[in-house]
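Okay, so here's the structure we're looking at.
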Amino acid sequence: MGTCEELAGGAQPAGTPRPAATAAPPADELRWRFDPAADRRATGELCKSLSAALVAAPWARTVVCDVTAVRTPTLATVNVLARLRLTARRLGRGFQLDGVQPRLALVLELTGLAGVLDADGAPAGPVAAGSALQEGREAEQREQPVGVQEVVDPDDLSF
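Residue 23 in numbering that gives the first Met the number 0 sits at position 24 of the sequence shown; the count goes up by one each step and never skips.
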């Protein structure tokens, strides 16, 4: 199961001790530790948990998901990570993977999700809540066929 590593003001969820040797994350970042044992059955619960953590941390602009514990990635792992990303984006937050092992990077590349899940470490900025726009897309423009003219029947009442 995933756990939140850092909440507002350094507070931790009940029963979650903070490791002594770790540095505090940047002020606009929510650290999330991914449990590699998570499977598809736990996806809904993980997404609810992430949503609750993000609601409790309105200052967090980006979720940084620590996946260093994922040694043998499966498609179920990729599915859970993609759902967590969708949850963060629906709440207007960015999502980024941290500590991606070579095997996980390969699986993400093979599934076409390496860029979507920001496995290369590039920061994923937050999006406006409810935004349906995709970055880097342009409207399709078509040229009119040359030499084609539309013929209108004057007796056609469909106009």
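We treat Cβ as the ideally placed atom computed from N, Cα and C, and that holds for glycine.
The model shown is predicted, which means the values in this text are computed figures rather than measured ones.
Task: Neighbourhood of Arg102 by C-beta, 6 Å cutoff - its chain only, sequence neighbours within 5 removed - done: Only Pro72 meet the Cβ criterion.
TODO: Determine the contact status of Leu116 and Leu96, defining contact as a CB-CB distance below 8 Å.
DONE: For Leu116 and Leu96, yes; Cβs fall inside 8 Å.
Task: Residues bridged to Gln95 [DSSP beta-bridge criterion] - done: Answer is Val63, bridged to Gln95.
TODO: Take Leu80 as the anchor and find which of Val54, Leu107, Ala55, Leu90 has the nearest alpha-carbon.
DONE: Leu107
Task: Proximal residues to Thr67 (C-beta, below 6 Å), its chain only, five neighbours per side dropped - done: Gly98
Task: Nearest to Arg39 (by Cα), restricted to the options Ala75, Leu45, Arg70 - done: If we check each option's Cα against that of Arg39, Ala75 comes out closest.
Task: Option in Phe33, Val54, Leu156 with minimal Cα separation from Val91 - done: Note that residue 91 corresponds to Gly in the displayed sequence, not to Val. Considering only alpha carbons, the answer is Val54.
Open item on the list: What residue range does the beta strand (DSSP E) around Arg32 cover?
Closed with: Per DSSP, Arg32 belongs to the beta strand (DSSP E) from 28-32.
Open item on the list: Could you check whether Gln100 and Arg60 sit closer than 8 Å to each other, using their CB atoms as the reference points?
Closed with: It is not a contact, given that the beta carbons lie outside the stated cut-off.
- [ ] Starting from the C-beta of Val77, find all residues in its chain whose C-beta is less than 7 Å away, skip the five residues before and the five after it, and write them out in chain order.
- [x] Val106, Leu107, Thr110, Leu112
TODO: Put Val150 into one of helix, strand or coil per three-state DSSP.
DONE: coil
Task: DSSP state of Gly111 mapped onto helix, strand, coil - done: coil
Task: Nonlocal neighbours in the same chain, by C-beta distance under 8 Å from Asp152, ignoring five residues either side - done: Its chain contains no residue whose beta carbon lies nearer than 8 Å to that of Asp152 once the 5 sequence neighbours on both sides are disregarded.
Open item on the list: Using beta carbons (cut-off 8 Å, strictly below), is Ser48 in contact with chain C?
Closed with: Among the chains of the structure shown, chain C does not appear; only one protein chain is present.
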